[in-house]
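Number of protein chains: 2
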Amino acid sequence: MFTLAEENYLKTIYHLESLFGEGVSTNAIAEKLETKPSSVTDMVQKLADKKLLTYIKYKGTSLTDLGKKEATNIIRKHRLWEVFLLEKLQFQWHEVHEIAEQLEHIQSEELVDRLDAFLGYPTTDPHGDPIPDKNGYFKATDKKLLASMKVSEQGICVGVKDSDDEFLKYLDKKNIAIGSMITLLAKEDFDHSLHIKVDDHSFFITKAISENLFVKSHESE
Amino acid sequence: MFTLAEENYLKTIYHLESLFGEGVSTNAIAEKLETKPSSVTDMVQKLADKKLLTYIKYKGTSLTDLGKKEATNIIRKHRLWEVFLLEKLQFQWHEVHEIAEQLEHIQSEELVDRLDAFLGYPTTDPHGDPIPDKNGYFKATDKKLLASMKVSEQGICVGVKDSDDEFLKYLDKKNIAIGSMITLLAKEDFDHSLHIKVDDHSFFITKAISENLFVKSHESE
DNA sequence: TTATTATTTTAGATTTGTCTAAAAATATTT
DNA sequence: AAATATTTTTAGACAAATCTAAAATAATAA
Numbered sequence: 003m004f005t006l007a008e009e010n011y012l013k014t015i016y017h018l019e020s021l022f023g024e025g026v027s028t029n030a031i032a033e034k035l036e037t038k039p040s041s042v043t044d045m046v047q048k049l050a051d052k053k054l055l056t057y058i059k060y061k062g063t064s065l066t067d068l069g070k071k072e073a074t075n076i077i078r079k080h081r082l083w084e085v086f087l088l089e090k091l092q093f094q095w096h097e098v099h100e101i102a103e104q105l106e107h108i109q110s111e112e113l114v115d116r117l118d119a120f121l122g123y124p125t126t127d128p129h130g131d132p133i134p135d136k137n138g139y140f141k142a143t144d145k146k147l148l149a150s151m152k153v154s155e156q157g158i159c160v161g162v163k164d165s166d167d168e169f170l171k172y173l174d175k176k177n178i179a180i181g182s183m184i185t186l187l188a189k190e191d192f193d194h195s196l197h198i199k200v201d202d203h204s205f206f207i208t209k210a211i212s213e214n215l216f217v218k219s220h221e222s223e
Numbered sequence: 003m004f005t006l007a008e009e010n011y012l013k014t015i016y017h018l019e020s021l022f023g024e025g026v027s028t029n030a031i032a033e034k035l036e037t038k039p040s041s042v043t044d045m046v047q048k049l050a051d052k053k054l055l056t057y058i059k060y061k062g063t064s065l066t067d068l069g070k071k072e073a074t075n076i077i078r079k080h081r082l083w084e085v086f087l088l089e090k091l092q093f094q095w096h097e098v099h100e101i102a103e104q105l106e107h108i109q110s111e112e113l114v115d116r117l118d119a120f121l122g123y124p125t126t127d128p129h130g131d132p133i134p135d136k137n138g139y140f141k142a143t144d145k146k147l148l149a150s151m152k153v154s155e156q157g158i159c160v161g162v163k164d165s166d167d168e169f170l171k172y173l174d175k176k177n178i179a180i181g182s183m184i185t186l187l188a189k190e191d192f193d194h195s196l197h198i199k200v201d202d203h204s205f206f207i208t209k210a211i212s213e214n215l216f217v218k219s220h221e222s223e
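Heads up: the sequence lines are chains B and H, in that order. Going by my numbering, the first sequence opens with residue 3, and the numbers climb by one from there. Going by my numbering, the second sequence opens with residue 3, and the numbers climb by one from there.
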């Protein structure tokens, strides 16, 4: 249906739009896709011709409903494959994204449906992000940053904010994964580091780490 | 490492070479890939520059060891994905090839190794063809055509010769699959049709069908 | 408000993989 | 062996997606 390049543009514009609102700038897209602004202008005009987005010169672009539908479908595929890689093939957290970037472009609705069923219709991916259903519908999760927890509160790890490779490796090393039960033992006011317990093991994490990990309150479950 | 087009050429040339011997003709490649001979000439020269094959003008091409290694790796991936689709996602026989054509191009050695392990290191794919190991090594199966069986002999279905879509649908309908036990009840000399028993069900098949189904003698197992 | 800076677009070139049409080489007939 | 047919290659063109360099527009500062 769409080329690889087109799909990557749609996905990127979708993400930028949900982060910063309508009217995504040419430079923002170029930076995310590691390409030149002039290339973005070309492609955006092409996608506008195909009614996947609206584009006003010098004013940025916004996806149409059709474009959003395509984008969420690609995101659905990406996240389902991530679940597959992690749960079925025992990949580690930081390894799944790159491979899912390729798998998300495989064209077969039947395949996606069967994969979905095979995985037991998961609703979130290994990063805690929701997996859209066949119609592109999904509800935002009630996740919050580990940094916002109160002392003695318990939370279940549901994802990460920035999936930096080094960070994901750190999590793997510390045995923090989706579903890990995290208890906040103490807060250090001086540098905002946290003393936490994961499973049976307790240790300290820096402020930066705590602001990059999403948890779901254990009470709310 | 290689582009999609390059990989498809390598795979096609490998298949043609194993069928008809060294020195694959430009037209043969063009026909298989549904492209023009002039396009083949261009690509073949490019692949020769990359030392993946040897090419002599007007004389055809043959894969180098490097080219064969690449080709068998793609075939390995294709066949592993076919097993996955059939065994894990419950696809039918005739549906797997087209999707595997896409999946075979996913780049990740780690992924292939883990998939291999996840599937239990299968040695043949759903068409009865051997799956090369990591080093490209595989041994030819001792399969033979159903048409060559003797009356009252038993065989296990191991694959098909031409995987025509209609034919695979026919097999699905008749409940003939990899591993099916087939007993030859009788041969009709007049039209060479066969009376066979599959599991508990017996019926007639035409000569054409019997010459397109591979079995492995049950004694040899 | 004018000058300067940053962003975005246009124009033209490049690469990959393809095509058509014509030329060259090889194979087959007569 | 010459004529004909087939196969293969070359030459030149094209679409997709990208780039560089220059021009146009918008935003910011003096």
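Ideal Cβ positions, reconstructed from N, Cα and C, are used throughout, including at glycine.
9 Å Cβ cutoff, residue i in contact with chain B
i                      : result
residue 110 of chain H : yes
residue 120 of chain H : yes
residue 101 of chain H : yes
residue 90 of chain H  : yes
residue 116 of chain H : yes
residue 47 of chain H  : no
residue 222 of chain H : The predicted position of residue 222 of chain H is uncertain, since its pLDDT is 38 and thus under 50; no value can be drawn from it.
Neighbourhood of residue i by C-beta, 6 Å cutoff - its chain only, sequence neighbours within 5 removed
i                      : result
residue 83 of chain H  : 102, 105
residue 81 of chain H  : 127, 133
residue 197 of chain H : 187, 188, 206
residue 138 of chain B : 71, 74
residue 34 of chain H  : 14
residue 185 of chain B : 156, 199
residue 171 of chain H : 96
residue 147 of chain B : 213
Same chain, Cβ closer than 7 Å to residue i, neighbours up to 5 away in sequence not counted
i                      : result
residue 178 of chain B : 159, 200
residue 125 of chain B : 132, 133
residue 59 of chain H  : none
residue 43 of chain H  : 28
residue 19 of chain H  : 26, 64, 65
residue 154 of chain B : 186
residue 118 of chain H : 82
Chain-ordered chain B contacts of residue i [CB-CB under 8 Å]
i                     : result
residue 71 of chain H : What residue 71 of chain H touches in chain B: nothing, since even the nearest Cβ is about 21 Å away.
Chain H contact for residue i (CB, 9 Å cutoff)
i                      : result
residue 97 of chain B  : yes
residue 93 of chain B  : yes
residue 113 of chain B : yes
residue 148 of chain B : no
residue 187 of chain B : no
residue 87 of chain B  : yes
Contact set between residue i and chain H, taken where Cβ atoms lie within less than 7 Å
i                      : result
residue 104 of chain B : 108, 109
Close Cβ partners of residue i (< 8 Å) along its chain, the five nearest in sequence each way excluded
i                      : result
residue 223 of chain H : In this prediction, residue 223 of chain H scores a pLDDT of 32, lower than 50, which makes its location untrustworthy; no coordinate-derived value is stated.
residue 32 of chain B  : 38, 39, 41, 42
residue 22 of chain H  : 30
residue 141 of chain B : 132
Neighbouring residues, chain B, relative to residue i (Cβ below 9 Å)
i                      : result
residue 170 of chain H : Within 9 Å Cβ-Cβ: nothing; residue 170 of chain H doesn't reach chain B, min ~15 Å.
residue 82 of chain H  : By Cβ distance, chain B contributes nothing, its closest Cβ being about 12 Å from residue 82 of chain H, past 9 Å.
Contacts that residue i makes with chain H (C-beta to C-beta distance below 8 Å)
i                     : result
residue 12 of chain B : Simply none; closest approach about 19 Å.
> Touch check for the stretch 207 to 220 of chain H and the stretch 159 to 169 of chain H: three-plus C-beta pairs under 8 Å?
Replying inline: The stretch 207 to 220 of chain H vs the stretch 159 to 169 of chain H: in contact.
Would you be able to state if there are at least three C-beta pairs under 8 Å between the stretch 66 to 77 of chain H and the stretch 73 to 87 of chain B? Counting Cβ pairs under 8 Å, fewer than three are found: no touch.
Could you tell me whether the stretch 7 to 15 of chain B touches the stretch 43 to 52 of chain B, using the rule of 3 or more Cβ pairs below 8 Å? The stretch 7 to 15 of chain B and the stretch 43 to 52 of chain B touch, with no fewer than 3 CB-CB distances between them shorter than 8 Å.
Between the stretch 18 to 28 of chain H and the stretch 55 to 68 of chain H, can you find at least three pairs of beta-carbon atoms closer than 8 Å?
Flag = yes, the stretch 55 to 68 of chain H and the stretch 18 to 28 of chain H touch.
Exercise. May I have a chain-ordered list of the alpha helix (DSSP H) segments no shorter than 4 residues that lie completely inside the stretch 20 to 64 of chain B?
Key: Fully enclosed alpha helix (DSSP H) runs of 4 or longer: 28 to 35, 39 to 51.
Point to revise | Sequence ranges, beta strand (DSSP E) only - wholly within the stretch 144 to 222 of chain H, length at least 3 | key: Note on the stretch 144 to 222 of chain H: whole beta strand (DSSP E) runs with a minimum of 3 residues are 156 to 162, 183 to 189, 196 to 200, 203 to 207, 215 to 219, in chain order.
Exercise for the section: Let me know the beta strand (DSSP E) ranges lying completely inside the stretch 59 to 133 of chain B, each 3 residues or longer, listed in chain order. Expected result: If we require 3 residues or more, the beta strand (DSSP E) runs fully inside the stretch 59 to 133 of chain B come out as 62 to 65.
Requested in this report: Answer yes if the stretch 91 to 99 of chain H comes into contact with the stretch 110 to 121 of chain B, meaning at least three C-beta pairs across the two stretches below 8 Å, and no otherwise.
Outcome: Three or more Cβ pairs closer than 8 Å define a contact, and the stretch 110 to 121 of chain B meets that threshold against the stretch 91 to 99 of chain H.
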